[in-house]
Amino acid sequence: MSVLDSKVPKGPIKDKWTTYKDKINLVNPANKRHIDVIVVGTGLAGGSAAASLAELGYNVKAFAYQDSPRRAHSIAAQGGINAAKNYMGDGDSTYRLFYDTVKGGDYRSREANVYRLAEVSANIIDQCVAQGVPFARDYGGLLDNRSFGGVLVSRTFYAKGQTGQQLLLGCYSAMNRQIARGKIEMYNRHEMLDVVKVDGKARGIIARNLITGEIERHSAHAVVIATGGYGNVYFLSTNAMGSNATAAWKIHKKGAFFANPCFTQIHPTCIPRSGDYQSKLTLMSESLRNDGRIWVPKNMDDVKGIQEGTLKPTQLKEEDRDYFLERRYPAFGNLVPRDVASRAAKERCDAGHGVNATGEAVYLDFAAAIERYGTEQAKIHGVSNPTKEKIIELGEAVIEEKYGNLFQMYEKIIDENPYKTPMMIYPATHYTMGGVWVDYNLMTTVPGLYCIGEANFSDHGANRLGASALMQGLADGYFVLPYTIGDYLADDIRTGPISTSTKEFDEVEKEVKDRIDFFMNNKGTKSVDHFHKRLGKVMWDKVGMARNEKGLKEAMAEIKEIREEFWKDVKVPGSHNEMNLELEKAGRVADFLELGELFAKDALVREESCGGHFREESVELEGEQKGEAKRKDKEFAFVSAWEYKGEPADAVLHKEQLEFKDIELKQRSYK
Amino acid sequence: MNLTLKIWRQKGPQEKGKMVDYKVSDISEHMSFLEMMDVLNEQLVNSGEEPVAFDHDCREGICGMCSLHINGEAHGPDRGITTCQLHMRMFKDGETITIEPWRAKAFPVIKDLVVDRTAFERIQQAGGYISVNTSGNTQDANAIPISKHAADEAMDAAACIGCGACVASCKNSSAMLFVGAKVSQFALLPQGQVEAVDRVKNMVAQMDLEGFGNCTNTGACEVECPKEISLENIARMNRELVKASLIKF
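As given, the protein sequences belong to chains A and B, one line each in that order.
Everything in the first sequence is counted per our numbering, starting at 3 for the first residue and increasing by one.
Everything in the second sequence is counted per our numbering, starting at 82 for the first residue and increasing by one.
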């Protein structure tokens, strides 16, 4: 018997959640007043959880490292949020959303969790509309939908290209209502630096006030971690500069298992890197692939001309272009899932067909869509015999309406007009499917310690479908955790307030302070960024889009070396009792330097290709799928959950076997 | 290119600040403004000095964390963008660039270029929400049709990122564009009607309490707003306020 118990309820998948909710323990309203919950992170998951728990009557303390919950990186999600509403009448259903998510995740997620996610998805849209989220509407006043990669229906709700922003502001407004009622105590510019356990249960955190540098103790009956993903382990990613894994890693070191760290999503439509000074990468919504066609030049002469700037992409004839996604995957074309699209772009660029000076870019072309929409609009507006210019003008207006802000963003960064010349894109690290292991209740392996949103591992398997991150964050926070946490807290109604003047708090606070003192007194010679960039390079080169045994072993050794050097030679200026941005970074990078090694170890152990994890040793050798990723269900249909044992290399693997009762395991085919 | 930077340095909220000159060299025109600041900070850290503190996070113009008054303009010389989206191609080799924090009584400096914008938080807490619980029992999202025009206009108002450029650009340090945007978003939607009267009254009262100035229709806020929020939102807020003042419960 494994030490992992997923606590998935019995019964048919369609009834699991409903039946479970009916039987779950509840805390009566009078008792909720005496129970405190700490929520760390206030993005979509943490914000929605904090608001919902406060509405229920718990006393919530919420923590964010920014100056407001509205700044969390959920805000940057552009494209949309999925929900099985079937407003379009195109055959969508809870089952289909469930099926698409499990298949899209390459059969490495837990069926029961995903079904629940699909089940509550429709409610999220109702909730957000009631909060005043201005989703896009059609002329009849009803909600509009668009389609996204990896699926055959239109189920994505959106608010221009700022869906994440609008959903987060909805959540933020719900929080504000509770802050005003005194039910949420908001700690802005605070960073959690460790968790405190009392008798094995999570009972509080140690946090640093980022303005004064003061180290604070906060206690609660349960702690919820909602601090997002660890994409910044690559240094360059589409995450915000401050996005970090510290909270997740610290709880891992205190007993929470870390699951599937190697499942990381490389998003296909990002703006290519321009130089070594690059601080982050910018993502453009994958919704662009609805209308954009991805290609590279067929002939090397043309590639050379383009790379040197003597040839313009618009000068290339149709027959000289290789629309490689349409060629390789005729059924899904440009809308194949993210991992497939990213690898295909890398494959073309590795073969020398990249279209910018670095050789790491492919085209995303809107010319065909502009013409199509323009012709359609000409008919609608009764323009007979429209000129080519008129068609382009009308078509560009449609494109602007749909993607205006993305086109503007692109133009500001690259200094080229994407209405007139194709965009250049290249894959970049975007989302981490892996994360803290949680059971059906979203509780980690530490009692009373929960993990929600991107920070946990639960719903997306080895690859996340577009517009599903927002869905999961809000599902966890609005509709799942508020129920499941009650089941645990029902045993805590007689506990009373948790004191912070105990030896457990003393000990953890000392650890935190010692580490800060170490940084302040180290007097090394190299900046934090120096080490972060070196880590990022190893991760991208050897634990990036394609991985192999040799590279992963090297990566583990190299990361360990960088880590040792970091502790000897890192330099942190300033002092600890003031705002000190370098000190903040130092703590985060120290944790990335451990996480990176576990990441590589996980990738090494998983000798199969699935979703975002591609092992060069595991590809189909013949048949229609030749060259595509080869999953090995017999050996690897499990969740890797790592237990901390000191050095990352010594982590112990626990396996949660995945059972597929409602979906048949098949190779994903998008051909 | 090579540049001279004049940057506001201030150790803490209670300390006196001053402008300090720095030189940076070999700056690429493709760098973003904040990447140029990273270069400066790396330089400072390597020479044992304290780096310049500034707020930033998403670096794609949406989180609203970055600020900076650059050569006297909020978010710098370009239009419709935040500082993190500003690129060095907007500047010339040899130029001197002045970099200051937001200046407003309601936004006190915390350190260097970092200011305290929690006044905005308190205004939102005064009424920037619709009171609905997350019970899962709300009515179907399509139960109330909303005209596309109203939805689009509400979206345009809701695009505000809460960066505070409007306040920093206003000679009166008025926050009316910020407050007007939130009031408008809900005023344009049927869901916002129930609490409309209390919302506008409470948010405006909190705005005044925080020490923001009044609007004298100069329009600098609209020009400098990275999300190009329209002045019409201020007009709409004023109308809402007049309407509210006529209603007695």
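Note that CB positions come from ideal geometry on N, CA and C, so glycine has one too.
Exposed or buried, F662 of chain A, counting other C-beta atoms within 10 Å across all chains shown (16 or more means buried)?
Start at 1 with the first residue of the first sequence, and residue 662 of chain A comes out as number 660. Exposed is the label assigned to F662 of chain A, since fewer than 16 other Cβ atoms lie within 10 Å of its Cβ.
Exposed or buried, which one is K162 of chain A when buried takes at least 16 other CB atoms within 10 Å?
Looking up residue 162 of chain A in the first sequence gives position 160. K162 of chain A should be labelled buried.
Flag this pair as yes or no: are the beta carbons of Y89 of chain A and L154 of chain A separated by less than 9 Å?
Here residue 89 of chain A is taken as the residue at index 87 of the first sequence, counted from 1. Here residue 154 of chain A is taken as the residue at index 152 of the first sequence, counted from 1. The beta carbons of Y89 of chain A and L154 of chain A sit no closer together than 9 Å.
So, does the CB of F406 of chain B fall closer than 9 Å to a CB anywhere in chain A?
Because chain B here runs from 82 to 330, residue 406 of chain B falls outside it and cannot be looked at.
Tell me which residues share the same chain as S54 of chain A and place their Cβ nearer than 6 Å to its Cβ, disregarding the 5 neighbours each side in the sequence.
On the first sequence, residue 54 of chain A is found 52 positions in, with the first residue counted as 1. When the five nearest sequence neighbours on each side are left out, the beta carbons in the same chain lying within less than 6 Å of the beta carbon of S54 of chain A are those of Y480 and P484, in order along the chain.
Against M411 of chain A, what residues of chain B qualify as contacts under a CB-to-CB distance less than 8 Å, listed in chain order?
For the purposes of this step, residue 411 of chain A is identified with residue 409 of the first sequence, where counting begins at 1. Close partners of M411 of chain A in chain B (Cβ separation under 8 Å): E141, G142 and Q166.
Among A:T165, A:L451, A:H223 and A:K23, which has the Cα closest to the Cα of R679 of chain A?
The question about residue 679 of chain A has no answer, for chain A in this structure spans 3 to 673.
Nearest candidate by alpha-carbon position, reference F135 of chain B, set B:D233, B:V281 and B:M146:
What you label residue 135 of chain B is simply residue 54 of the second sequence in a count that begins at 1. Looking at the Cα atoms, B:M146 is the closest of the given residues.
I'd like to confirm something about K668 of chain A: is its beta-carbon nearer than 8 Å to some heavy atom of the ligand MG, or not?
The ligand MG is absent from the structure shown, which contains no ligands of any kind.
Does DSSP put E661 of chain A in a helix, in a strand, or in coil?
Residue 661 of chain A sits at position 659 when you count from the first residue of the first sequence. Coil, per DSSP.
Are C272 of chain A and Y428 of chain A touching if we call contact CB-CB under 9 Å?
Here residue 272 of chain A refers to the residue found at position 270 of the first sequence. Here residue 428 of chain A refers to the residue found at position 426 of the first sequence. The answer is yes: Cβ separation under 9 Å.
Which residues of chain A have a Cβ atom closer than 9 Å to the Cβ of R320 of chain B, listed in chain order?
To locate residue 320 of chain B, count along the second sequence from 1; it is residue 239. Contact of R320 of chain B with chain A by beta-carbon distance below 9 Å is absent, the smallest such distance being about 19 Å.
Rounding to the nearest angstrom, what Cα-Cα distance links I191 of chain B and D341 of chain A in this structure?
As a first step, residue 191 of chain B is located in the second sequence; it is residue number 110 there, counting from the start. As a first step, residue 341 of chain A is located in the first sequence; it is residue number 339 there, counting from the start. Each residue's alpha carbon lies about 43 Å from the other.
With a CB to CB cut of under 6 Å and the five nearest residues on each side skipped, what residues in its chain are close to C302 of chain B?
Translated into positions along the second sequence, residue 302 of chain B becomes position 221. Here the set comprises C247, S250, C251 and L258.
Look at the Cβ atom of G208 of chain B, then the Cβ atom of D102 of chain B, and state whether they are nearer than 9 Å.
For the purposes of this step, residue 208 of chain B is taken as the residue at position 127 of the second sequence. For the purposes of this step, residue 102 of chain B is taken as the residue at position 21 of the second sequence. Cβ distance not < 9 Å, so G208 of chain B and D102 of chain B don't count as in contact.
Which class does R317 of chain B belong to by DSSP, given the choice of helix, strand or coil?
Counting from 1 along the second sequence, the entry for residue 317 of chain B is found at position 236. DSSP places R317 of chain B in helix when its eight states are reduced to three.
For a cutoff of 9 Å on Cβ pairs, would you count Y210 of chain B as touching chain A?
As a position in the second sequence, residue 210 of chain B is number 129, starting the count at 1. Output row for Y210 of chain B: interface = yes.
Through-space distance from P11 of chain A to Y22 of chain A, alpha-carbon basis:
One-based indexing of the first sequence puts residue 22 of chain A at position 20. One-based indexing of the first sequence puts residue 11 of chain A at position 9. Their backbone Cα atoms lie some 7 Å apart in a straight line.
If contact is defined by three or more beta carbon pairs under 8 Å, each pair taking one atom from either stretch, is the segment 189-208 of chain A in contact with the segment 120-133 of chain A?
Flag = no, the segment 120-133 of chain A and the segment 189-208 of chain A do not touch.
Could you name the residues of the same chain whose beta carbon sits closer than 8 Å to that of P274 of chain A, not counting the 5 residues immediately before and after it, in chain order?
As a position in the first sequence, residue 274 of chain A is number 272, starting the count at 1. N358, T360, E362, A363, M426, I427 and Y428, listed in sequence order.
Contact with chain B by I77 of chain A, beta-carbon distance below 9 Å:
Locating residue 77 of chain A in the first sequence gives position 75, where the first residue counts as 1. It does; some Cβ of chain B falls within 9 Å.
Under the three-state reduction of DSSP, which class applies to G273 of chain B: helix, strand or coil?
Working through the second sequence from its first residue, we reach residue 273 of chain B at position 192. Correct three-state label for G273 of chain B: helix.
Could you list the residues in the segment 155-181 of chain A with a C-beta less than 7 Å from some C-beta on chain B, going in chain order?
Only A161, K162, Q164, Q167, Q168, L171, S175, A176, N178, R179 and I181 from the segment 155-181 of chain A bring a Cβ to less than 7 Å from some Cβ of chain B.
Spatial neighbours of R590 of chain A within its chain, please: C-beta separation below 6 Å, excluding the five flanking residues on both sides.
Your numbering for residue 590 of chain A matches position 588 in the first sequence. Close CB contacts of R590 of chain A within its chain, under the 6 Å cut and outside five residues either way in sequence, are with N246 and T248 (chain order).
For D293 of chain A and F326 of chain A, I'd like the C-alpha separation in whole angstroms.
In the first sequence, residue 293 of chain A corresponds to position 291, counting from 1. In the first sequence, residue 326 of chain A corresponds to position 324, counting from 1. Distance between the alpha carbons of D293 of chain A and F326 of chain A is about 15 Å.
Is it the case that the Cβ atoms of V197 of chain A and V448 of chain A are separated by a distance below 9 Å?
Here residue 197 of chain A refers to the residue found at position 195 when the first sequence is read from its first residue. Here residue 448 of chain A refers to the residue found at position 446 when the first sequence is read from its first residue. Taking C-beta atoms as the reference points, V197 of chain A and V448 of chain A count as a pair closer than 9 Å.
Taking the alpha carbon of K562 of chain A as the reference point, which residue from A:R536, A:T266, A:N579 and A:V338 has its own alpha carbon closest?
The residue given as residue 562 of chain A occupies position 560 in the first sequence. The residue with the shortest Cα to Cα distance from K562 of chain A is A:R536.
Label K668 of chain A either buried or exposed according to how many other C-beta atoms from any shown protein chain fall within 10 Å of its C-beta, with 16 as the threshold for buried.
Taking the first residue of the first sequence as position 1, residue 668 of chain A is located at position 666. Flag for K668 of chain A reads exposed.
Pairwise C-alpha distance: N582 of chain A and N234 of chain A
On the first sequence, position 232 is the one that residue 234 of chain A refers to. On the first sequence, position 580 is the one that residue 582 of chain A refers to. Looking at the two C-alpha atoms, the distance is approximately 20 Å.
Chain A within 9 Å of T95 of chain B, Cβ atoms only
Numbered from 1 along the second sequence, position 14 holds the residue referred to as residue 95 of chain B. Thr is not the amino acid found at residue 95 of chain B; the sequence shown has Gln there. Taking 9 Å as the threshold, the shortest C-beta distance from Q95 of chain B to chain A does not fall below it.
Which partner residues does E181 of chain B have in the DSSP bridge list?
The count along the second sequence starts at 1 and reaches residue 181 of chain B at position 100. Here E181 of chain B is bridged, per DSSP, to B:H150.
Determine, using beta carbons only, whether Q180 of chain A and A66 of chain A come nearer to each other than 9 Å.
What you label residue 180 of chain A is simply residue 178 of the first sequence in a count that begins at 1. What you label residue 66 of chain A is simply residue 64 of the first sequence in a count that begins at 1. Result no, Cβ atoms of Q180 of chain A and A66 of chain A do not sit closer than 9 Å.
What does a CB cutoff of less than 8 Å around E131 of chain B pick up in its chain, not counting 5 residues either side in sequence?
Looking up residue 131 of chain B in the second sequence gives position 50. Counting only residues of its own chain and dropping the five nearest sequence neighbours on each side, E131 of chain B has a CB closer than 8 Å to the CB of L125.
Mind listing the chain B neighbours of Q129 of chain A? Cutoff is C-beta to C-beta under 8 Å, in chain order.
On the first sequence, residue 129 of chain A is found 127 positions in, with the first residue counted as 1. Residues of chain B passing the Cβ test: V213, T215, G217 and T219.
On the DSSP bridge list, what partners appear for W89 of chain B?
Reading the second sequence from its first residue, position 8 is the one you call residue 89 of chain B. Partner(s): B:M100.
Round the Cβ separation of G488 of chain A and V29 of chain A to the nearest angstrom and send it over; I've been treating them as touching at under 8 Å.
Looking up residue 488 of chain A in the first sequence gives position 486. Looking up residue 29 of chain A in the first sequence gives position 27. G488 of chain A to V29 of chain A, Cβ: 5 Å. Contact.
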